[in-house]
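Comments concern the structure below.
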């Protein structure tokens, strides 16, 4: 009798213990709350022409047409966390001088048309980081002929690598390689995405472009000056 009482007491104690740790479903309540965080953009985007130059050329009354060669860099400050896709176009004003044309009214001055200034080679952009290293970013690329070829540079020719500046497209003979402002050539483009600034180039990217000025025959010897323009237009997406 005593043993039976103890057994019943043990069963009762276990039941009490189990009921204490099992939740009472009828007493559960729940709620949700949305939390947002706003991130402020501190990165910037800007474009600039740097290190533009043209070498000397000789002339005389009997000199046939000659050439002056040079180059420039397009620098992209590209530190934004995210930016749109863009197109980059390059063009120039007509070359002017302060040498007056004899017997001209006004007076008028000797010059060289901007259509005589040609792009001969466009290099791939050097970037601080690029998509092949990890997540997709807004890579910057060159064009192969001055036109929008679906924002994709044509395949590089065999051996088209400069050990200093990287891969390039030769623009000799392409249809849209002169820098008059009526049809400014498309020299590069950027995909939408995070900026290209990274450990290799902290500020973003730069692109080398090589130039040639066709000097007319018998062009008078003096200093000729032009203004180069670079335009970046946002608005296309992939």
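Residue numbers (this note's numbering): 8 to 245.
For each residue, glycine too, the CB sits at the ideal point set by N, CA and C.
- Pairing residue 153 with residue 181 gives a Cβ-Cβ distance under 8 Å.
- Look at residue 226 here: in three-state DSSP terms it is coil, with no helix or strand label.
- Taking 3 residues as the shortest admissible run, the stretch 127–197 contains the following complete beta strand (DSSP E) segments, listed from N- to C-terminal end: 147–149, 173–177 and 193–197.
- Annotated three-state conformation of residue 78 is strand, per DSSP.
- Annotation: residue 76 to residue 114 spans about 30 Å, alpha carbon to alpha carbon.
- Between residue 198 and residue 131, the CB-CB gap reaches or exceeds 8 Å.
- Note on geometry: alpha-carbon atoms of residue 133 and residue 66 lie some 37 Å from one another.
- With 16 or more other CB atoms across the displayed protein chains lying within 10 angstroms of its CB, residue 217 is buried.
- Here residue 194 is buried. Its C-beta has 16 or more other C-beta atoms within 10 Å.
- At least 8 Å separates the beta-carbon of residue 207 from that of residue 86.
- Distance between residue 201 and residue 151, taken at the CA atoms: about 24 Å.
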